[in-house]
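Note that the working numbering has the sequence shown beginning at 115, numbered continuously upward. Backbone N, C-alpha and C fix where the C-beta goes; we use that ideal spot for every residue, glycine too. Reviewing the structure listed below.
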Amino acid sequence: MKLPYCWNCQHHFKLREIILPWKQKCPVCGKKQFLTKESRFNTSLFGFIPMTIIFLFNLFVKLSTLNMIIIGLFIILLFLIIAPYFYKFTENEEPIV
Ligand SMILES: [Zn+2]
């Protein structure tokens, strides 16, 4: 797995540089980065999987609200770390549909 690079200057991003992709600017050339339609689709799938896991977990194991929140936060954190590997950046903002 590889982290994405800038569409303009090919700078390879570090994880901490792209953890919030909607605020993304290249630290080298300062150009704004937009997620491609494809990578937005992939990351929304990623968002869907943790929700399903939490839901299924709750069906089989009766979790307290506190435990649910802790597991939820953990999964979100994991998501934030893994998702950037599936990002691809482009020059223009692509329409959602
Ligand atoms: Zn750049």
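Closer than 8 Å: is that where the CB of residue i sits relative to any heavy atom of ligand 1?
{"i": "Q124", "result": "yes"}
{"i": "G144", "result": "yes"}
With respect to the alpha helix (DSSP H) encompassing residue i, which residues constitute its N-terminal and C-terminal limits?
{"i": "L129", "result": "Run containing L129: none; DSSP gives neither H nor E here."}
{"i": "L170", "result": "151–174"}
Once the 5 residues before and after residue i are set aside, which same chain residues still bring their CB inside 6 Å of it?
{"i": "A197", "result": "T157, F160"}
{"i": "K146", "result": "K139"}
Using the three-state DSSP reduction, which class does residue i fall into: helix, strand or coil?
{"i": "Y199", "result": "helix"}
{"i": "K137", "result": "helix"}
Which residues in the same chain have their Cβ closer than 8 Å to the Cβ of residue i, if we skip the five residues on either side of it in sequence?
{"i": "M182", "result": "I168, N172"}
{"i": "C143", "result": "C120, N122, C123, H125"}
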